[in-house]
Amino acid sequence: MEQTNIIQEHILIDACKKGNSLAFTQLYNCYSKDVFNSILRFIDNIAEAEDLLQESFLAAYQNLNQFDTHSNFRAWVKRIALNKTISFLRKKKIVFNEWNDNIDSLDEIFDESKFTFQVQSLQKAIQQLPYSYKTIIQLYVIDDIPQEEIGQMLGLSHNTVRTQYHRAKQKILQILQKQQVV
Amino acid sequence: MSNDLENFISQNKEAFNTATPSNDVLKLLQKNILAQQQKQRKKTGIIRSLKFVSAACVLLLAGVGIYNFSNNKSVDLANNATQVNEIPSIVKKVENLPVEDLHKSAAINKEPLTSTLINQNELVKNKYITQLQNMDAPSKRYIAATEIVNSKQVDKEVVDALTTCLNNDPNTNVRLAALESLSIFYKEPLVKKRLIESLKKQTDPIVKMTLIDVLTKLRANNLQKELEKIVNDLHAPKPVKDQANQSIHTLSL
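Here is the structure:
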């Protein structure tokens, strides 16, 4: 099934390169939701996220000749979108610093094997995280961006990303434990 | 350290992607892609037009170049043909003019036909002829008398100018230089004729003696007769008479 999707994707991309805009619409329909949600994890404003989504797919269309057919189109267009989103945030003076968090100390190490996870409670816990923690954990776990690449995107060192990811995860577990206790 | 959290999210990823973009995004995207395509076509069209215009310019320039080249060639040929046809009539006109008028004619350049023949060589020749007439500077007349034969345009005009110089120049050296230049063209009948005439008119004894020597070597017609006149001339200087006698003896051998 996956192989069929890849073949279909290649056919669509070839058609796009030949100027078939309908083929690009099909690619958009396949991947726009995924990309849109990735943008929304950074930006709360729906209109701004939609603008960034449209700009990202247009940039992908304009640079389609640079796309390596052996690569994953979804990952490629998502990276374009994430880079555009981060640039947008930088213009809004939102900076990803190598900061020391002011959240509660995390002396306690949680054993995640004892947790029973639910999507809704997990989403709520992620929303309670500080902005940078939230960004890193979403990029890494949900959008499958490697930590080193996240560091490059946000202008942080790999070590900082790894440390913050670990803290973010412990914070989520802490929140979830509190909810379960309550 | 276990990865239960990551595994759970990975298995339920779709549940985290709940938001859906509005249809307006696709409409705007399609509109922008269409505009992009039109821009691209326009750009391609402009590039094609530019290529076409450049090719046309190259062809046009090449055409103009070839046309000019062939036109110049034909114009040159036509000019040359005209000049060649005009030469005999010009020579006739020149022959019929007195020497002084010839100089004036060349200098003032009144004749339209002669003006077509004036080229660089002609200018050089005219310069020397003018210098030969410069009575204020014997050195310049001497140089002109020597150098005039080096100009590629030696004709009747030059011969006449040199003859005038040989007969009338107040400086002996200038006269001798003129004689030397004329003797280079001793094979020309006109030159021989002028030299014989000069023997009758020559007043400078040194020049007259040199002239007798040159004409003897040339074995010019009527020289014997002229030499006898000198020998019989009571006013002729003795060295000249001796030179004439010696030449008569040489010619009789």
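Going down the list, the protein sequences come from chains A and B. Going by the numbering used here, the first residue of the first sequence is number 1140, and it counts up by one from there. Going by the numbering used here, the first residue of the second sequence is number 434, and it counts up by one from there. Here a beta-carbon is modelled for each residue, glycine too, at the ideal position from N, C-alpha and C.
| Query | Result |
| --- | --- |
| Three-state class that DSSP yields for D1250 (chain A) in the structure shown | coil |
| Neighbourhood of K464 (chain B) by C-beta, 7 Å cutoff - its chain only, sequence neighbours within 5 removed | none |
| Collapsed DSSP secondary structure at H668 (chain B) in the structure displayed | coil |
| Proximity to A448 (chain B) [Cα-Cα], best of A:Q1201, A:S1260, A:Q1286 and A:Y1270 | A:S1260 |
| Any C-beta of chain A under 8 Å from that of I442 (chain B) | yes |
| Proximity below 8 Å, CB of L1192 (chain A) to CB of F1227 (chain A) | no |
| Three-state secondary structure assigned by DSSP to A1183 (chain A) | Looking at the sequence provided, one finds Asp at residue 1183 (chain A) rather than Ala. Reduced to three states, the DSSP call for D1183 (chain A) is coil. |
| As assigned by DSSP and simplified to three states, the class of D675 (chain B) | helix |
| Residues that S435 (chain B) contacts on chain A, provided the C-beta gap is smaller than 7 Å | E1251 and S1252 |
| Neighbour list for T453 (chain B) in chain A, Cβ cutoff strictly below 8 Å | K1172 and F1175 |
| Neighbourhood of K1217 (chain A) by C-beta, 6 Å cutoff - its chain only, sequence neighbours within 5 removed | V1174 and S1177 |
| Cβ contact check for the stretch 1287–1295 of chain A and the stretch 461–479 of chain B: 3 or more pairs under 8 Å | no |
| Closer than 8 Å to chain B by CB, E1200 (chain A) | The residue asked about is misnamed: residue 1200 (chain A) is Tyr in this sequence, not Glu. Output row for Y1200 (chain A): interface = yes. |
| Three CB pairs or more closer than 8 Å across the stretch 1181–1191 of chain A and the stretch 1148–1167 of chain A | no |
| Within chain B, partners of T1302 (chain A) - CB distance below 8 Å | Here the premise fails: no neighbours, minimum Cβ distance about 14 Å. |
| Chain A contacts made by the stretch 464–493 of chain B, where a contact means CB separation under 9 Å | N465, I466, L467, Q469, Q470 and Q473 |
| Selection from A:G1294, A:Q1318, A:D1250 and A:Q1257 that minimises the alpha carbon distance to H1305 (chain A) | A:D1250 |
| Neighbour list for N456 (chain B) in chain A, Cβ cutoff strictly below 7 Å | Going along chain A, no residue has its Cβ under 7 Å from N456 (chain B), so there is no contact; the nearest lies around 10 Å. |
| Rounded separation between N456 (chain B) and K1172 (chain A) - CA only | 11 Å |
| Neighbour list for K1308 (chain A) in chain D, Cβ cutoff strictly below 9 Å | Protein chains A and B are contained in the structure displayed, whereas chain D is not. |
| Beta carbon of Q635 (chain B) nearer than 8 Å to that of K641 (chain B) | yes |
| R608 (chain B), buried or exposed, once every other Cβ within 10 Å from all chains shown has been counted against 16 | buried |
| L438 (chain B) versus Q1319 (chain A) - alpha carbon distance | 16 Å |
| K1308 (chain A) versus L1161 (chain A): straight-line alpha-carbon distance, rounded | 42 Å |
| Beta-carbon neighbours of A448 (chain B), restricted to chain A and to distances below 7 Å | V1258 |
| Status (buried if at least 16 other CB within 10 Å, exposed otherwise) for E661 (chain B) | exposed |
| Whole-Å CB distance - L656 (chain B) paired with L648 (chain B), under 8 Å assumed | 5 Å |
| For I1275 (chain A) and K484 (chain B), the rounded distance between their alpha carbons | 52 Å |
| 8 Å Cβ cutoff, G1290 (chain A) in contact with chain B | no |
| N505 (chain B) at chain A interface by Cβ criterion, 8 Å | no |
| Residue-level contact to chain B via CB, V1216 (chain A), 8 Å cutoff | no |
| Cβ neighbours of I1265 (chain A) in the same chain (closer than 8 Å, five flanking residues each side left out) | K1273, I1276, Q1277 and I1311 |
| Best match in A:P1269, A:Q1262, A:Q1267 and A:Q1201 for proximity to I1281 (chain A) [C-alpha to C-alpha] | A:Q1262 |
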